Structures are given as structure tokens and as C-alpha cells.
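Visitor: Protein chains in written order, with the numbering used here: chain A, 1 to 227; chain B, 228 to 454. Supplied in C-alpha cells, the structure appears directly below.
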DNA sequence: ATTTAAATTCATCGCTTGTTGAATTGTCAA
DNA sequence: TTGACAATTCAACAAGCGATGAATTTAAAT
């Protein structure tokens, strides 16, 4: 007779689905959808549906949409930065008292991304695509990239300046920019290279991408900055 | 008394604003807005307003929104491809009977973009940003890039294969991919490098970007494909 | 002169958007 | 046991969305 209500209003019993972690479910779904469709391509209702959550809960946890976007972008930026920094430091200590080689700096910059993408956590693959979106956007790039990644840039530019003493700063920044672009597209995982190469190369073959990318970028730096 | 009607219904006198070219005005405004905000970030009303045109006229000329997007993307793709091809051919003839050098191939690929961006036609700068958006999008990239640029890729990969006979195809495609990413971000003109470098480098300094990019990319190709 | 077609505006359709206030249910400390 | 607070659903809001049929004006063809 009376139709069984499938969703119950009000605070759920904490034992119902222990560690449901709705907040994180929202962030994960948002990460995936924003990466795929961009900021404006995702509606809060689609997101709520993907996260298995009522639409009002998004605002309850994260405020308005823009703030949610910033939160999603920030979350893994901090982790990634930390891993890059420790990778750089340990490479510098390994090389001491000599100055570190360019290849090692590039490696400290790229390997954390590769490790993240190959991890079990699917969220990292989504985050890399989001990073490509933000990095290439004239609206979000100057805001979010500067806000969350500029400190890291300074550290790596410093390291490169020591490794390439003949370079002037403009050379270093431009080359860093090329690296950033190559990295973004490569790890954005769009499936483009699969089609382009007729299936010979695969977007999700991170090992192949990485093996070639380090020497590619390092040689570029040397050519421009070590003349 | 009677309020002056500022817009008149019906077909306008052809002498009214000769060569008004409303169709092209729509395409140009769409190019700019799509490049800045992406597909979903642009509403047809915003676009109509920017183009100084009634919203219904967009559908009349270009059909539904998706079809408009494709038309915008296609327009300059054909021009760009043609210029890249002739640049490659004339470089090959200049080198004959020797095989062309890697640097010359990269140059044939990049210089048309630089010339376009430095031209008076502001639309080219917008188009480059649009190209970066599409290239990095997992939704549009595999569709539009493949549709409008894959033939060109084949030609350039062929040329690179001749210039780097020791390389296997996977190497070539991956390096091409790095080049594509570096180019996209660099010419996307997001203003990121301006902030990153504290004003030392400027996004719109295409000459500076280009002067360093050719040797950077060429050295990368040689390192990976000429071992 | 008449008819047909092209180019434009207007008004409106049904749906979706982000956001929010109110109601509901559960937890936990006093 | 009561009262404050946390977590959730529901219903609704004004605004905006893409699309389109009808009306209108002009140009071109006959």
C-alpha cells in the first residue's frame, strides 16, 4: 500500500553506512566531472547524482560552486607540491657537493605525477586532466595556477638556475613553460595520441610517456640554456 | 511621442550597412568567447549580444550550438593546415636532394602559427587559445583534432621519419605529442608566464616564445629519436 | 507586377540552472 | 531529559537556457 520511501530525510544513523564520507564522495565526483567537462559543463545536479547525494548537500559542505572548484583543485595540489619538493631535495642531497644535473631536476618534477597516475587511486588520473584544463584556461589559469603552484615554480627555477649557470632567467621561464605544456597535454589522458598513431601509442601508457619525456625536456633545456 | 524603434524587423536594406557580414561577425565573436570560456561557458544570448545580432540569427546561419562550434573550429584549421603544408614543401625543396633537417620541419610546423598570431587579424590569437582548449579536452580533442588535423599529422610524421631514420614510430608520435602540448600552452596566451616570471616574460611576446621553442623542440627530438 | 526566397526580429516554449529556507532526523553534552 | 547542534532531504525561487514558429521587411526572379 504505502509506497516504501527509499530516501529518508534527516540526519542518518551513523551506523547506517559507516564512513560514508559524503564530503569526499562529492569531491571525487567533482574532480572527475570538472576534469572531463570543465567548470561550466558540470551542473550541481549532475554532480549530486554522480556522488549519490542530494544537491543541497554540496552547498552545505562546500559553499557556492566556485568555492567547490577551488577546493577540488587545491586538495591534490598541496600533496603534489610536497612530493615534488621532497623529490627535489633528496636528489640534491644525493648529488652533493656537486650541483644537481638538469635531468634530475626534471625527474623530480615529473616523477611524482607519473607515480600518482599509476597509483590505484583513480582520482589522480582525473586530477591530472583537471590540471591540464586549468593550466590551459585563460580564465582559471592565472588565478588557480598562480595561487597554488607559484611557490613551487620558484623553487624549481632556482634549482635550474644553478644547474644551468649560463642561462638567463627569461630562457629558464620559457623552457619551464614548454615543459608545463608538454606535461599537461601528455598526462591529460585525452586519448588523442591513440587516434593519432593509429593505436601504436596509448594515452594510458604512462611509462612510455615518461621514459621519453625526461630526456626530451632535458635536452631542450640544455640546448636553449647551456649554449 | 512614439518611442524611436532602434531595431527594425525584417530583411535590412542591403545598402544600410554595406558588408555587414553578420555571419562572420557571429563566427568571430564565437571564436573569442569559446576560446575564453569553453563550449559550455558561452550562452547563445551572450554570443548574440557580443556579435550585435539577434539570438535567432545564430541558429538561422549555423544550426544548433554544437554545429556552430565545429564550424568555428574548422574555419581556420583549413587555412593553418594549408600554410603548414606549403611551408614544409618549400623547405623540402630548398634542402633537396638532401633530406630536410629536423629544425626545418619544426619550423614549418610552428612558424605559420607565429605569423598568424602576430598578424593584424585578432581572430588568430583567439583561435590559438581555442586550439589549446580543444587539444586538451577529453571531450572535444579526440573528435575535432582527429577530424581536422590528423591528415596533417601524417605528413609531418612522414617528414620526421625521413629526417630521423633511426627512430621508431612510437618515439616519433610521443615527441610530436610533447611538441603539440608545448605549443598549445605557449600560444594559448593565458598570461600565466607573465605572473610566473614576475613580469620578466610576456605571453604576447611571440617572437621570444618562438625563438626558444624551435631549438628546444628540435633538441628534444634528436635526443629521443637519434640515439 | 507578381511571386518566391532571403534575412531579420520577436515572442514564447518547456526545461534547467545555482541557491536557499524550512522541515526532519539523529547525536551528544549538560 | 532536555536542548543545542550536525547532517540530510525537500520544495521552491527567479533567472537563464537552447530552440523554434510566426511575422515582417527587403531582394531577386519571373
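Beta carbons: idealized from backbone N, C-alpha and C, even for Gly. Fair warning: this is a prediction, and the values are worked out from it, not measured in the lab.
Is DSSP giving residue 54(A) helix, strand or coil here?
Guide: Residue numbering aside, residue 54(A) sits at position 54 when the first chain is read from its first letter. Three-state DSSP puts residue 54(A) in coil, outside helix and strand.
Visitor: Between residue 362(B) and residue 372(B), what straight-line distance do the alpha-carbon atoms span, to the nearest angstrom?
Guide: Here residue 362(B) refers to the residue found at position 135 of the second chain. Here residue 372(B) refers to the residue found at position 145 of the second chain. Going by the C-alpha atoms only, they are around 7 Å apart.
Visitor: Which of the three DSSP states, helix, strand or coil, is assigned to residue 192(A)?
Guide: In the first chain, counting from the first residue as 1, residue 192(A) sits at position 192. Here DSSP, grouped into helix, strand and coil, assigns residue 192(A) to helix.
Visitor: What is the DSSP secondary structure of residue 39(A), reduced to helix, strand or coil?
Guide: On the first chain, position 39 is the one that residue 39(A) refers to. In the structure shown, residue 39(A) sits in coil (DSSP, three-state: anything other than H, G, I, E or B).
Visitor: Might you give, ordered along the chain, the residues of its own chain that have their beta carbon closer than 7 Å to the beta carbon of residue 265(B), omitting 5 neighbours on each side?
Guide: The sequence position of residue 265(B) within the second chain is 38, counting from 1. Excluding sequence neighbours, residue 265(B) sits near 360.
Visitor: Where do the ends of the alpha helix (DSSP H) carrying residue 155(A) lie?
Guide: Your numbering for residue 155(A) matches position 155 in the first chain. Segment 146 to 163, the alpha helix (DSSP H) holding residue 155(A).
Visitor: Residue 452(B) by DSSP, collapsed to three states: which one?
Guide: Taking the second chain and counting its residues from 1, one reaches residue 452(B) at position 225. Reduced to three states, the DSSP call for residue 452(B) is helix.
Visitor: Have a look at residue 396(B) and residue 374(B) and give me their C-alpha separation to the nearest angstrom.
Guide: As a working note, residue 396(B) is residue 169 in the second chain. As a working note, residue 374(B) is residue 147 in the second chain. Rounded to whole angstroms, residue 396(B) to residue 374(B) spans 21 Å at the Cα level.
Visitor: If you drop the 5 nearest sequence neighbours on each side, which residues of the same chain put their C-beta closer than 8 Å to that of residue 173(A)?
Guide: Here residue 173(A) is taken as the residue at index 173 of the first chain, counted from 1. Closer than 8 Å at Cβ, skipping near neighbours: 157.
Visitor: Determine, using beta-carbon pairs with one atom in the region 311 to 320 of chain B and one in the region 279 to 289 of chain B, whether at least three such pairs fall under 8 Å.
Guide: no
Visitor: Assign residue 220(A) to one of three DSSP states: helix, strand, or coil.
Guide: Sequence index remark: in the first chain, residue 220(A) carries index 220 (1-based). If DSSP states are grouped into helix, strand and coil, residue 220(A) belongs with the helices.
Visitor: Mind listing the chain A neighbours of residue 447(B)? Cutoff is C-beta to C-beta under 7 Å, in chain order.
Guide: Against the second chain, residue 447(B) aligns to sequence position 220. Result: 216, 217, 219 and 220.
Visitor: Please confirm whether residue 191(A) has its beta-carbon closer than 9 Å to some beta-carbon of chain B.
Guide: What you label residue 191(A) is simply residue 191 of the first chain in a count that begins at 1. For residue 191(A), the answer is yes, since a Cβ of chain B falls inside 9 Å of its Cβ.
Visitor: What residues of chain B sit near residue 235(A), judged by a beta carbon separation below 8 Å?
Guide: The structure shown does not extend to residue 235(A), since chain A is modelled only from 1 through 227, so no value can be given for it.
Visitor: Starting from residue 71(A), trace the alpha helix (DSSP H) both ways and give me its first and last residue.
Guide: For the purposes of this step, residue 71(A) is taken as the residue at position 71 of the first chain. Annotation: the continuous alpha helix (DSSP H) that includes residue 71(A) extends over 65 to 95.
Visitor: At 7 Å on the CB atoms, spell out the chain B contacts of residue 223(A), in chain order.
Guide: If you number the first chain from 1, residue 223(A) lands on position 223. Ordered by position in chain B, the residues that pass the 7 Å Cβ test against residue 223(A) are 442, 443 and 446.
Visitor: Which whole-angstrom value describes the C-beta separation of residue 428(B) and residue 438(B), a residue pair presumed to lie in contact below a C-beta threshold of 8 Å?
Guide: As a working mapping, residue 428(B) is identified with position 201 in the second chain. As a working mapping, residue 438(B) is identified with position 211 in the second chain. Not really, about 12 Å apart at Cβ, beyond 8 Å.
Visitor: Which one of 116(A), 54(A), 162(A) and 155(A) has the shortest CA to CA distance from residue 187(A)?
Guide: The residue given as residue 187(A) occupies position 187 in the first chain. It is 116(A) whose Cα lies nearest to the Cα of residue 187(A).
Visitor: Is residue 339(B) buried or exposed, if buried means 16 or more other CB atoms sit within 10 Å of its CB?
Guide: The sequence position of residue 339(B) within the second chain is 112, counting from 1. Buried.
Visitor: Nearest-angstrom Cα distance between residue 183(B) and residue 330(B)?
Guide: Chain B is shown from 228 up to 454; residue 183(B) falls before or after that span and cannot be answered.
Visitor: Under 8 Å, CB to CB, which of the residues in the region 134 to 162 of chain A have a partner in chain B?
Guide: 135, 136, 137, 138, 139, 141, 142, 145, 146, 150 and 153
Visitor: Would you call residue 219(A) buried or exposed, if buried means 16 or more other Cβ atoms sit within 10 Å of its Cβ?
Guide: In the first chain, counting from the first residue as 1, residue 219(A) sits at position 219. The residue in question, residue 219(A), is buried, as its Cβ has 16 or more Cβ neighbours within 10 Å.
Visitor: Taking the alpha-carbon positions, what's the residue 98(A) to residue 451(B) distance?
Guide: To locate residue 98(A), count along the first chain from 1; it is residue 98. To locate residue 451(B), count along the second chain from 1; it is residue 224. Answer to the nearest angstrom: the Cα atoms are 26 Å apart.
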